[in-house]
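Going by UniProt numbering, 485 is the number at position 485 of the sequence shown; the sequence numbering is gapless. Beta carbons are placed, not taken as given, at the ideal position from N, Cα and C, and that holds for glycine.
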Amino acid sequence: MSAMTVVIAAWGTSLTHAVHERASLYTIDALADLLGFLVGVAITAAGTPATTGLALAVIFIFQNLLLVRVLRDDPITPSTGTTATEGSSSTLVQVPFIAGLHMSFDNKQFVALFKAAVFGSIVGTTVNLLPIFFQVVMNVPDSSLKRVYGIYVQAVVASAFVAVLAVGRLNARWGKICVLRFGVACGSLYGLLAFFASYARTVEWFYLTSVPAGLFVGTVTVNGNVLLSNSIDYDQLKTGFRRQSLYQCLMYVPLTFVSVAGSSIPLSIITAFGGLEAGHAPPAAVIQTLRLWISLIVTGCLIVSNNYLSNFKLTEAVQEDISAQLQLREQGNLLPPRDPLQENEPHKNEAVERAGNLPCGTCKGATDVSEKRGVDPGEVCAAVDAELDMSSSMTAAGLWHCTNSFLDLNFSSSELALLATHKGKQWKLWTYLLNIIASAVYAIVLLVETIAAIDQRGDLTGAEVFASFFMLASSMVIYEGGRLHAMKEIYKMGDEQKVARWARRRLSARKSIRHSVLVNPFRLVRREIVAHTMMSITLIFVITSLPSPIRK
1 MSAMTVVIAA WGTSLTHAVH ERASLYTIDA LADLLGFLVG VAITAAGTPA
51 TTGLALAVIF IFQNLLLVRV LRDDPITPST GTTATEGSSS TLVQVPFIAG
101 LHMSFDNKQF VALFKAAVFG SIVGTTVNLL PIFFQVVMNV PDSSLKRVYG
151 IYVQAVVASA FVAVLAVGRL NARWGKICVL RFGVACGSLY GLLAFFASYA
201 RTVEWFYLTS VPAGLFVGTV TVNGNVLLSN SIDYDQLKTG FRRQSLYQCL
251 MYVPLTFVSV AGSSIPLSII TAFGGLEAGH APPAAVIQTL RLWISLIVTG
301 CLIVSNNYLS NFKLTEAVQE DISAQLQLRE QGNLLPPRDP LQENEPHKNE
351 AVERAGNLPC GTCKGATDVS EKRGVDPGEV CAAVDAELDM SSSMTAAGLW
401 HCTNSFLDLN FSSSELALLA THKGKQWKLW TYLLNIIASA VYAIVLLVET
451 IAAIDQRGDL TGAEVFASFF MLASSMVIYE GGRLHAMKEI YKMGDEQKVA
501 RWARRRLSAR KSIRHSVLVN PFRLVRREIV AHTMMSITLI FVITSLPSPI
551 RK
């Protein structure tokens with residue numbers, strides 16, 4: 001489960017240093033996830049088994065068609081002069097794993113975000129406990145449980161959908177860290193409302209908690225990932241290495257442990273007090289445990305999480321400074337690394353001034369490059385934008401290594417460029433196989449842990465289990481293939497002049513800066529969007545198909 005989570009989180013064009021582009025891509029991913037949840041809930045909770053099966057069959061066929069299309073993609077081929085080859089002088093620079101851990105936890109910005117995430121991840125335990133909570137505390141009968149749970153999840157996802165759409169405007173007005181803290185505060189409000197609704201024992205009142213819960217999910221999904229990438233930028237500026245996958249592993253593996261442990265604690269308490277038996281009233285201690293865990297414990301943990309977020313200092317101005325320095329470094333205009341957090345003066349520094357204020361919002365440093373090479377600044381501006389996309393897509397490709405070994409999680413652009421050599425075909429095959437294995441582990445762990453946690457017979461049929469596994473596995477293959485296909489198309493462009501002409505055509509097709517930022521990344525992540533949607537549908541199908549938590 002953790003292997004696939006790390007691979008998903010560390011992929012893609014979201015690794016670009018263009019801050020606005022990064023936020024836009026995370027927004028697209030979040031919208032795809034939420035859309036998949038909405039469709040999944042509607043499929044599994046709306047109709048009869050016949051209509052549910054028909055809908056899943058249509059999705060299954062559509063996904064297999066995409067799978068065939070991905071498998072037909074040509075292997076990555078080397079281009080002229082833009083990637084590493086066997087005879088090149090590129091060398092792989094890696095930081096030892098233990099040293100990388102020490103360097104990561106020396107990053108105080110990441111530590112603040114990590115502590116906040118550990119306490120905030122307790123909210124994830126409520127997903128597994130809500131069905132039991134509805135039955136035991138809210139007195140929802142078995143016959144209505146799926147309908148009540150489905151309505152609540154739909155309301156949360158709808159609120160999160162609205163929040164994700166509004167995050168961009170709120171970020172421009174308040175800043176990403178303030179919006180994230182606002183979302184965490186909404187999560188605390190959810191806990192308080194849930195506490196009072198649990199005493200009223202009225203499901204309609206509990207539905208009101210879906211609004212702050214959705215705001216929490218939407219803001220954390222987008223800004224949490226963006227701020228994590230910003231903290232990685234800060235570490236890269238100070239150390240000279242970008243350890244994206246190591247940071248993702250450090251963030252997500254402990255969070256998975258907290259989520260599993262958090263679900264097991266209240267279930268263990270319930271078992272210690274006699275468990276749940278059909279035909280018998282649950283003990284008062286069981287009711288109180290569920291009530292507190294769903295409400296006040298969540299509120300307390302999120303208050304602590306919000307306090308840790310106050311130590312995160314990478315504001316918009318600081319991040320602009322960091323991004324400008326990193327982009328200048330990539331272009332060969334090296335400046336001595338300078339920590340903007342240790343300066344008292346305003347962050348309009350030398351790097352930002354050298355980057356210049358050009359019409360293209362994501363392009364920095366085109367003026368310097370144009371002066372050195374004697375070409376038109378507009379052409380260089382377009383080339384730099386394209387190079388950012390190319391760099392981020394190449395970075396994405398190396399993360400097949402995450403599922404192969406958790407002890408070697410440090411990558412450099414030279415290693416990623418190896419995918420463009422004659423080894424690309426074999427690496428692509430291994431990428432498919434490793435991600436299918438990771439998806440299989442994910443599906444099995446999800447089913448086994450959830451069914452075992454509620455101590456209930458597994459009444460999912462073999463066909464349902466196979467369908468769930470295959471949808472997860474094929475989603476990952478589509479996801480992986482889409483990324484490698486995007487890299488292949490970029491490598492085919494060849495030299496810098498082709499890149500510049502391609503980027504200029506793409507950018508001139510949109511008049512506003514906002515659209516010019518979105519147009520290239522959207523093309524690169526279109527299959528990722530499909531994969532996110534399919535996986536969300538599958539997860540909802542598995543969760544809502546699980547048996548009732550009351551032992552018969």
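Can the beta-carbon of residue i be found closer than 8 Å to that of residue j?
i           : j    : result
D233        : S143 : no
Y308        : S104 : no
V140        : V153 : no
L255        : L113 : no
Q109        : S231 : yes
V286        : I270 : yes
G100        : R243 : yes
T299        : S188 : yes
S229        : S159 : no
residue 559 : I297 : Because the chain spans 1 through 552 in this model, residue 559 falls outside it and cannot be assessed.
A155        : Y190 : no
V179        : L34  : no
Using a 10 Å radius around the Cβ and a threshold of 16 neighbouring Cβ atoms, would you call residue i buried or exposed?
i    : result
A383 : Any answer about A383 is weak, because its pLDDT of 32 lies below 50 and its placement is not dependable; what the coordinates show is given next. Under this definition A383 is a buried residue.
K176 : buried
P336 : exposed
Y479 : The predicted position of Y479 is uncertain, since its pLDDT is 48 and thus under 50; a value taken from the coordinates is nonetheless stated next. Buried, by the Cβ-count rule.
I98  : exposed
R291 : buried
R173 : exposed
D339 : exposed
G120 : buried
A116 : buried
D235 : buried
Q327 : buried
Q325 : buried
Q135 : buried
A30  : buried
G240 : exposed
Inspect the CB distances between the stretch 180-194 and the stretch 217-226 and report whether three or more fall short of 8 Å.
Touching, yes.
Does the stretch 124-138 come close enough to the stretch 312-319 that 3 or more CB-CB pairs lie under 8 Å?
No: fewer than three Cβ pairs fall under 8 Å.
Under 8 Å: do the stretch 167-175 and the stretch 190-197 share three or more Cβ pairs, one atom per stretch?
Counting Cβ pairs under 8 Å, fewer than three are found: no touch.
When you compare the stretch 297-316 with the stretch 203-212, are there three or more beta-carbon pairs, one atom per stretch, that lie closer than 8 Å?
Taking 8 Å as the limit for Cβ pairs, the verdict is that the stretch 203-212 does not touch the stretch 297-316.
Whether or not the stretch 210-217 and the stretch 158-165 are in contact is what I'm after, with contact meaning three or more pairs of Cβ atoms, one per stretch, closer than 8 Å; do they touch?
Taking one beta carbon from each stretch, the stretch 158-165 and the stretch 210-217 have 3 or more pairs nearer than 8 Å; the two touch.
Ignoring anything shorter than 4 residues, give me the alpha helix (DSSP H) runs that lie fully in the stretch 298-325, in order along the chain.
For secondary structure counted as the alpha helix (DSSP H) over 4 or more consecutive residues, the stretch 298-325 holds no complete run.
At 3 residues or longer, what runs of the beta strand (DSSP E) sit wholly inside the stretch 132-160?
The DSSP assignment places no complete run of the beta strand (DSSP E) inside the stretch 132-160 (cut-off: 3 residues).
Could you tell me which uninterrupted alpha helix (DSSP H) segments, each at least 4 residues in length, are contained entirely in the stretch 187-236, listed from first to last along the chain?
Segments of the alpha helix (DSSP H) lying fully in the stretch 187-236: 203-207 and 210-219.
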